[in-house]
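2 protein chains.
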Amino acid sequence: MKAEMIAVGTEILLGDIVNTDAQVISMGLNELGIDVYYQTVVGDNPERLKEVLDIARKRSDLIITTGGLGPTLDDLTRETIAEAFGKKLVLHKPTLRRITAFFEQIGREMTQNNVKQAMLPSDCKVLANDWGTAPGCVFEADGVHVMMLPGPPRECTPVFRTAGMAYLARLAGGVIVSHHIRIFGIGESTMEEKLHDLMERSSNPTVAPYAKDGECLVRVTAKADTKEEAEQLLEPVVRQVCDQLGDVVYGVDVPDLAHAVAKVLTEKGLSLSVAESCTGGLLSKRITDVPGASVFYKGGACTYCNEIKVKVLGVKQETLDRYTAVSSQTAREMAEGIAKAYGTDLGIGITGYAGPDGGEDGTPAGTIYIGIYDRGRTQVRCILSPRGREGARWEAANHALDMILRAAEGRKQLL
Amino acid sequence: MKAEMIAVGTEILLGDIVNTDAQVISMGLNELGIDVYYQTVVGDNPERLKEVLDIARKRSDLIITTGGLGPTLDDLTRETIAEAFGKKLVLHKPTLRRITAFFEQIGREMTQNNVKQAMLPSDCKVLANDWGTAPGCVFEADGVHVMMLPGPPRECTPVFRTAGMAYLARLAGGVIVSHHIRIFGIGESTMEEKLHDLMERSSNPTVAPYAKDGECLVRVTAKADTKEEAEQLLEPVVRQVCDQLGDVVYGVDVPDLAHAVAKVLTEKGLSLSVAESCTGGLLSKRITDVPGASVFYKGGACTYCNEIKVKVLGVKQETLDRYTAVSSQTAREMAEGIAKAYGTDLGIGITGYAGPDGGEDGTPAGTIYIGIYDRGRTQVRCILSPRGREGARWEAANHALDMILRAAEGRKQLL
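What follows is the structure, given as structure tokens:
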């Protein structure tokens, strides 16, 4: 089954909002094993919507629209679709009662324009909206299934995930299951070269590489009649991807480096503190993005000037004078200093030039030292990031998380 | 001029990522006065991309594509577009040198597949990418302008906002000038009510309100033949917006609260430190997002457990026992403690329940106290954020920045 989505809303074309509905629906269709080939956004304009519908019905078996179901003048999706597919709009009384009750509940008067939200294509299945006024609906015409969903994400998501997906599950048959292999330490092109043959010869499961935020990801996806069969297809391929990539694989089905760190430190009962200069709190923020981080994370210090590095972390003035604040020696003393001050098993020290400026001695922007103290032993990694201030800071935090993971798991540090 | 966007990327159709590039480009085109009628997403599939291009070239004067310019097998945008518009791909030597230098700088070997990123349509204008490897480009064929941009948002945004928009501004004729009025402390609907009449009667300049990340923004945009004429049109309207909104306006043409804080503290010669519990380093990170923050920012402490609050900030054990860590009293002692420990004019203390859990005493998730120490005086603001863990942390940081701004400017604190 081939599906496509049409979002109706001038506010998306103006850049006022992002089309997040498309993501939610795509993910759901993917789970159901329905292929999504196109997403289109069109304004609140009946002629252009009609034109887009004409294109879509020729190439897809399922069209899902979002938006344009509200009570105002520019909400035209229902009328335009009904006309395009030769359907009459008829009053759906249970929906009208529901809308009336909704207004009673919030204590506001129902204006007359709200009635049009209860005018639905004849013979459609109504998709109840318990999160707002306009219901969704779905019908079949000329061999095409057409589903209309409300636009506001907090209505669209639950209506789709409940009534919408239940309808589609009955149509689709079969399941799709994916596993995500997380990689840090090699680039996308190297990863692809290593997996090239495997990708070429895999059709079910498929093997697809992605790169995002300085990490890489391989998604392995299988289609089958049941979840069990899909898992059986997946198992050997996931293992093969992990084997071929080796030591840079840091997890399967974990969301990111910070979650992997949280999982491992919690399991191993190790405590952590971090001292940051150029990353300015980003590493601490990313660690505490994970709910429950307080189990292993004692806290951090952002030491943005030399006097605080000396005072709070006990970095030696002599070290700063002799090697400067951006040096392997300073990173080492920061890592050791925070672990001692906060009484933790592991300590991180990050110091560098995030940019736009580098050092007065000619050290380029993007030069960053990351020290890790691990129960008595300290090691330092140096990176040179070409990705600008924000990118360099992000990358340094990635490397610090990778070093924490390697320390906690007893894997070799890449220095 | 009618424009449309085509995003090329199976990862969008699978719901792995949201098409945020479309928003960035739509906003830019809107600023330039170029109408956007369609956005389409298509997978990494040459036949379907070709089909989408055929539809687009018939109905639009400008096609902007994002994605599919990378080095891997499934990056097919360049080849497919060149073929569709009868262009040859030729090696662009300066681009190849740039890519080679990029790999040298990061100390990784350049694999052969990277070369194809330097193969560009003949007679195109290259849009330099200083944020990654694949450049953008733009050409005209059969009366249609076709612009290709890299997909990763942190490359797409700067390439489009610099080289891309400069090219389009020349096509569009005339100039467009905008001013951005930044607001913190009222919601979007209140702001719209206050500006409703002004928005209704303004056509040039236009007055457009936006809400994002817990802040509000009014963009005032004028079209004219010259920059001077545009500025003359803008001046009285910007003044009127500021007058009508009053005390909640914190700046004009500053990027965000953190930049406003950096500007004011630098000008006034005031120093700052921050102590964070539930925000976990986010505030420190946002302050140090601004280049040059080291002039006023001494550093911060993330005190993620009680023992560190006592040890590093000197919060009294008695205070924690009596009022708990999430209390006005603790926020106050954290603010005073960090200012003393780091020797700064201003100090911030943030403590709260970011969620998903609230306090054991029934205090709801999203309850956050923010204390500010300002040269001898301490005040505390309490917020209750309904926006979930990430949203609550972001909102708390916003409030802290607003309190710093108000302290530095001698404006009244809203408590």
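Residue numbers (the working numbering), protein chains in the order written: chain A, -9 to 405; chain B, -9 to 405.
Quick reminder that beta carbons are idealized off the backbone N, C-alpha and C, glycines included.
- Note that the C-beta distance between B/A252 and B/A283 is below 9 Å.
- Here the C-alpha atom of A/D187 lies approximately 15 Å from the C-alpha atom of A/P226.
- Shown here for A/R383: same chain residues with a beta carbon closer than 6 Å to its own, the five before and five after excluded, namely T269, L272, A344 in chain order.
- Counting along the chain, B/D233 sits inside the alpha helix (DSSP H) bounded by residues 217 to 235.
- The segment 235 to 255 of chain B makes no contact with the segment 251 to 267 of chain A: fewer than 3 CB pairs, one atom from each, lie closer than 8 Å.
- A/F286 carries a coil assignment under DSSP once its states are collapsed to helix, strand and coil.
- For B/V31, at least one C-beta of chain A is nearer than 9 Å to its own C-beta.
- Assignment of B/G126 by DSSP, reduced to helix, strand and coil, places it in the strand class.
- Put simply, of A/V239, A/D311, A/E323, A/S375 the residue whose alpha carbon is nearest the alpha carbon of A/C206 is A/V239.
- Chain-ordered listing is empty here: chain B has no CB closer than 8 Å to the CB of A/Y363, the nearest sitting near 17 Å.
- The beta carbon of B/V302 sits closer than 9 Å to some beta carbon of chain A.
- A direct Cα-to-Cα measurement between B/E399 and B/T180 gives close to 25 Å.
- A residue is called buried once 16 or more other Cβ atoms fall within 10 Å of its Cβ, and A/A108 is buried on that count.
- Taking all protein chains shown into account, B/E37 has fewer than 16 neighbouring C-beta atoms within 10 Å of its C-beta and is therefore exposed.
- In this structure, the straight-line span from the alpha carbon of A/P143 to that of B/S274 is close to 31 Å.
- Collapsing the DSSP output to three states places B/S179 in a helix.
- Under the Cβ distance rule, B/N119 does not count among the residues neighbouring chain A, no pair being separated by less than 9 Å.
- In the three-state DSSP reduction, A/A265 falls in the strand class (E or B).
- Interface annotation for the segment -2 to 11 of chain B against chain A: T0, E1, I2, L3, L4, G5, D6, I7, V8, N9, T10, criterion Cβ-Cβ distance under 8 Å.
- According to DSSP, A/I362 shares a beta bridge with A/I338, A/Q369.
- Interface with chain B (9 Å Cβ-Cβ cutoff): A/E323 is excluded.
- With a cutoff of 9 Å on beta-carbon distance, A/Y27 and B/V32 are scored as near each other.
- Taking the beta carbon of B/F92 as reference, the chain A residues within 7 Å of it are P376, listed in sequence order.
- Under the criterion of beta carbons closer than 8 Å, B/G60 and B/A(-3) do not qualify as touching, at roughly 14 Å.
- Around A/P346, the beta-carbon contacts reaching into chain B at under 7 Å are P281.
- Only residues of its own chain outside the window of five on either side were considered, and among them G23, A214, T216, K217, A220 have a CB closer than 7 Å to the CB of A/V165, listed in chain order.
- Put simply, the CB of A/M(-9) is far from chain B, with every gap to its CB atoms at 9 Å or more.
- Of the candidates B/L110, B/G366, B/G337, B/T320, the residue whose Cα lies closest to the Cα of B/I358 is B/T320.
- Between A/V14 and the set A/G141, A/P84, A/D6, the nearest pair of CA atoms involves A/G141.
- Just measuring C-alpha positions, the residue of A/A153, A/G327, A/E326, A/P346 sitting nearest A/R377 is A/P346.
- Listed in chain order, the non-local C-beta contacts of B/R47 below 6 Å within the same chain comprise V134, local neighbours out to five positions each way being set aside.
- Using a CB distance cut-off of 9 Å, A/I298 counts as an interface residue toward chain B.
- The segment 70 to 90 of chain A makes no contact with the segment 4 to 21 of chain A, as fewer than three CB pairs between them are under 8 Å.
- Within the segment 3 to 76 of chain B, the complete beta strand (DSSP E) segments of 3 residues or longer fall at 25 to 32, 52 to 56, listed in chain order.
- The beta carbons of B/G333 and B/I360 sit no closer together than 9 Å.
- For A/I45, the chain B residues whose Cβ falls inside 7 Å of its Cβ are I45, in order along the chain.
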